[in-house]
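Top line first, the protein sequences correspond to chains A and B. If you count the first sequence from 1, you need to add 55 to reach our numbering. If you count the second sequence from 1, you need to add 9 to reach our numbering. Structure, as structure tokens:
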Amino acid sequence: QKEVEQNSGPLSVPEGAIASLNCTYSDRGSQSFFWYRQYSGKSPELIMSIYSNGDKEDGRFTAQLNKASQYVSLLIRDSQPSDSATYLCAVTPSGGYQKVTFGTGTKLQVIP
Amino acid sequence: DVKVTQSSRYLVKRTGEKVFLECVQDMDHENMFWYRQDPGLGLRLIYFSYDVKMKEKGDIPEGYSVSREKKERFSLILESASTNQTSMYLCASSLPSGTYNEQFFGPGTRLTVL
Numbered sequence: 056q057k058e059v060e061q062n063s064g065p066l067s068v069p070e071g072a073i074a075s076l077n078c079t080y081s082d083r084g085s086q087s088f089f090w091y092r093q094y095s096g097k098s099p100e101l102i103m104s105i106y107s108n109g110d111k112e113d114g115r116f117t118a119q120l121n122k123a124s125q126y127v128s129l130l131i132r133d134s135q136p137s138d139s140a141t142y143l144c145a146v147t148p149s150g151g152y153q154k155v156t157f158g159t160g161t162k163l164q165v166i167p
Numbered sequence: 010d011v012k013v014t015q016s017s018r019y020l021v022k023r024t025g026e027k028v029f030l031e032c033v034q035d036m037d038h039e040n041m042f043w044y045r046q047d048p049g050l051g052l053r054l055i056y057f058s059y060d061v062k063m064k065e066k067g068d069i070p071e072g073y074s075v076s077r078e079k080k081e082r083f084s085l086i087l088e089s090a091s092t093n094q095t096s097m098y099l100c101a102s103s104l105p106s107g108t109y110n111e112q113f114f115g116p117g118t119r120l121t122v123l
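Written as structure tokens, this is what we have:
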């Protein structure tokens, strides 16, 4: 089992819809959770961090964390074509405080 | 504003050459990381450094070495480049906090080894 799992996609949503991206992780002791956006040919850009159970909202983005289910999600409201990118989920494993484990990413396509 | 820079965006080298990739951050971060990213394999950690002159192997250190002589600079060295080291190389930095350890990435170096 991979440490951080994401559906590779592509996930296609129409412009203006809500995009829902999901991530599961295997280390129950994980403390920190991140979402990165990566445009083709570019480096990952941090868009959300979440550290406690529940929802965290930032503009059109909402991160959701459920530690009991070992599940992290990212919702993008009012999706725009400019949101088309690969979204990487990243987790700090227990005991590895300086390191982060990345998922392989979900490709999102927003259709105009 | 957070800034991580890498010495080259694109690099073409020949098999057997010694290759230096450099990364500089201006955020006074203690931690610095080198990853490679390949299609279908995601980001894989090569080495990281948590202090000047300190380093730890990541998941795929074979064929690579690193140097950190100054806090702001972290170099990745390919002692004898091989074609299977053709990849996108990404540098990142973070604070040493156990929890708030967001990593910030440089623009990447796309290395081709012929």
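In this text, a Cβ means the ideal position worked out from N, Cα and C, and glycines have one as well. Nothing here was measured: the structure is a model prediction, and the numbers come from that model.
Who pairs with residue i in a beta bridge, going by DSSP?
{"i": "Asn93/B", "result": "BP columns for Asn93/B are empty, so no partner."}
{"i": "Ser124/A", "result": "Ser124/A is not bridged to any residue."}
{"i": "Gly109/A", "result": "Leu120/A"}
{"i": "Asp60/B", "result": "Met63/B"}
{"i": "Arg132/A", "result": "For Arg132/A, which the question treats as bridged, DSSP gives no partner whatsoever."}
{"i": "Pro69/A", "result": "Ile166/A"}
{"i": "Lys22/B", "result": "Val122/B"}
{"i": "Ser75/A", "result": "Leu130/A"}
Can you say whether residue i is buried or exposed, counting buried as having 16 or more other CB atoms within 10 angstroms of its CB?
{"i": "Ala123/A", "result": "exposed"}
{"i": "Leu143/A", "result": "buried"}
{"i": "Lys79/B", "result": "exposed"}
{"i": "Tyr91/A", "result": "buried"}
{"i": "Val21/B", "result": "exposed"}
{"i": "Lys154/A", "result": "buried"}
{"i": "Tyr94/A", "result": "exposed"}
{"i": "Pro48/B", "result": "exposed"}
{"i": "Gln86/A", "result": "buried"}
{"i": "Arg77/B", "result": "buried"}
{"i": "Glu111/B", "result": "buried"}
{"i": "Arg83/A", "result": "exposed"}
{"i": "Asn98/A", "result": "Looking at the sequence shown, residue 98/A is not Asn but Ser. Buried is the call here."}
With H, G and I counted as helix, E and B as strand and the rest as coil, what does DSSP make of residue i?
{"i": "Asp37/B", "result": "coil"}
{"i": "Ser137/A", "result": "helix"}
{"i": "Gly115/B", "result": "coil"}
{"i": "Tyr109/B", "result": "coil"}
{"i": "Lys27/B", "result": "coil"}
{"i": "Thr159/A", "result": "coil"}
{"i": "Asp47/B", "result": "strand"}
{"i": "Asn62/A", "result": "coil"}
{"i": "Ile166/A", "result": "strand"}
{"i": "Ile69/B", "result": "coil"}
{"i": "Arg92/A", "result": "strand"}
{"i": "Ser17/B", "result": "coil"}
{"i": "Ala101/B", "result": "strand"}
{"i": "Leu85/B", "result": "strand"}
{"i": "Arg115/A", "result": "coil"}
{"i": "Lys79/B", "result": "strand"}
{"i": "Ser85/A", "result": "coil"}
{"i": "Lys154/A", "result": "coil"}
{"i": "Lys12/B", "result": "coil"}
{"i": "Val98/A", "result": "Here residue 98/A is Ser; the residue named in the question, Val, does not match the sequence. Reduced to three states, the DSSP call for Ser98/A is coil."}
Given 7 Å as the limit, tell me if residue i has its C-beta closer than that to any heavy atom belonging to the ligand SAH.
{"i": "Cys78/A", "result": "The ligand SAH is not part of this structure, which contains no ligands at all."}
Check: Can you list, in chain order, the residues of the segment 104–122 of chain B whose Cβ is nearer than 9 Å to any Cβ on chain A?
Finding: Pro105, Ser106, Gly107, Thr108, Tyr109, Asn110, Glu111, Gln112, Phe113, Phe114, Gly115, Pro116, Gly117, Arg119
Margin query: Give me the subset of the segment 45–62 of chain B whose CB atoms are less than 8 Å from a CB atom of chain A, sorted by chain position.
Written below: Gly49, Leu50, Gly51, Leu52, Leu54, Phe57, Tyr59
Check: What residues from the segment 99–126 of chain A come within 8 Å of chain B, judged by C-beta to C-beta, listed N to C?
Finding: Pro99, Glu100, Leu101, Ser104, Tyr106
Margin query: Assess contact between the segment 37–57 of chain B and the segment 87–104 of chain B, defined as three or more Cβ pairs (one per stretch) separated by less than 8 Å. Is contact present?
Written below: yes
Note to self: Taking beta-carbon pairs under 9 Å, can you tell me which members of the segment 60–87 of chain B lie near chain A?
What the structure shows: Glu65, Gly67
Next item on the list: Tell me, please, whether the segment 79–94 of chain B touches the segment 12–27 of chain B by the rule of three or more beta-carbon pairs shorter than 8 Å.
Entry: yes
Check: Given a limit of 7 Å on CB to CB distance, which residues of the segment 16–41 of chain B reach chain A?
Finding: Asn40
Note to self: Under 8 Å: do the segment 121–135 of chain A and the segment 66–78 of chain A share three or more Cβ pairs, one atom per stretch?
What the structure shows: yes
Checklist line | Contact set between the segment 132–159 of chain A and chain B, restricted to residues whose Cβ is under 8 Å from the partner | finding: Leu143, Ala145, Thr147, Tyr152, Gln153, Lys154, Val155, Phe157, Gly158, Thr159
Check: For the segment 64–92 of chain A, which residues have a beta carbon sitting closer than 7 Å to at least one beta carbon of chain B?
Finding: Gln86, Ser87, Phe89
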